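Let me begin by presenting the structure, written as structure tokens, before commenting on it.
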């Protein structure tokens, strides 16, 4: 039986000077944070760089983490989100605007399946129409499988507001795209 990693215990240990313990948190969250950033950048190297920066910032400021203000994972996602925002703010604007960027990548391995590609395109097209905050909530809830509490801590909105936004967005999604595409969206989250 594998023992569940207790974030609070590890953070306390890190705050007391045992920074080598941070590796356990890194191992637990590296894939989730990388995917979160990759969905926003759609660029492997950028996602790798921003993921590294996220963990370096988290390690360097672990002493400032306060468990009474939220979970470690929410704090880490907030650092990642701010890194992505800073990246696009500092990057020459060119054709990408962080507030228009919808944050999903299409996977090349589904391109040969035309039916799946069409469904993915429908979902992406719908998500592009959403306000940035609504896209983030949908992506964090479905793709990142975060709780409403975690999402609210990351984006700085109430839990009730996040639930309402997600519910309304999904209701509108059901009206705008065929059921088969909606099922694809939900199925994608299970894989």
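In my numbering, the protein residues as written are 83 to 273. Glycine is no exception: its CB is placed at the ideal position from the N, C-alpha and C atoms. Predicted, not measured: the structure shown is a model, and the values here were computed from it.
### Query
If you check the beta carbons only, do residue 240 and residue 249 fall under 8 Å apart?
No, they are not a contact pair.
### 7 Å Cβ shell around residue 139 - same chain, five flanking residues per side excluded
161
### Query
Which same chain residues, not among the five before or five after residue 137, have their C-beta less than 7 Å away from its C-beta?
108
### Query
Excluding sequence positions up to five away, which residues of its chain have a Cβ less than 7 Å from the Cβ of residue 129?
116, 119, 120, 123
#### Entry: Residue range of the unbroken alpha helix (DSSP H) whose run includes residue 96
89–97
### Task
Please indicate yes or no: does the CB of residue 99 lie closer than 7 Å to some heavy atom of the ligand FAD?
Here there are no bound small molecules, and the ligand FAD is not part of this structure.
### Residues of its chain near residue 149, where Cβ-Cβ distance is below 8 Å and the 5 sequence neighbours each way are ignored
90, 93
### Query
So what does DSSP say about residue 177, is it helix, strand or coil?
With a pLDDT of only 45 at residue 177, under the threshold of 50, the placement of this residue in the model should not be trusted; the figure read from the coordinates follows. Three-state result, residue 177: coil.
### Pairwise C-alpha distance: residue 133 and residue 127
10 Å
### Query
How is residue 154 classed by DSSP in three states: helix, strand or coil?
Collapsing the DSSP output to three states places residue 154 in a helix.
### Closest by C-alpha distance to residue 114, when choosing among 144, 222, 97, 257
Measuring C-alpha to C-alpha distances from residue 114 to each of 144, 222, 97, 257 identifies 222 as the nearest.
### Task
Compute the distance between the beta-carbons of residue 159 and residue 232, then report whether it is under 8 Å.
yes
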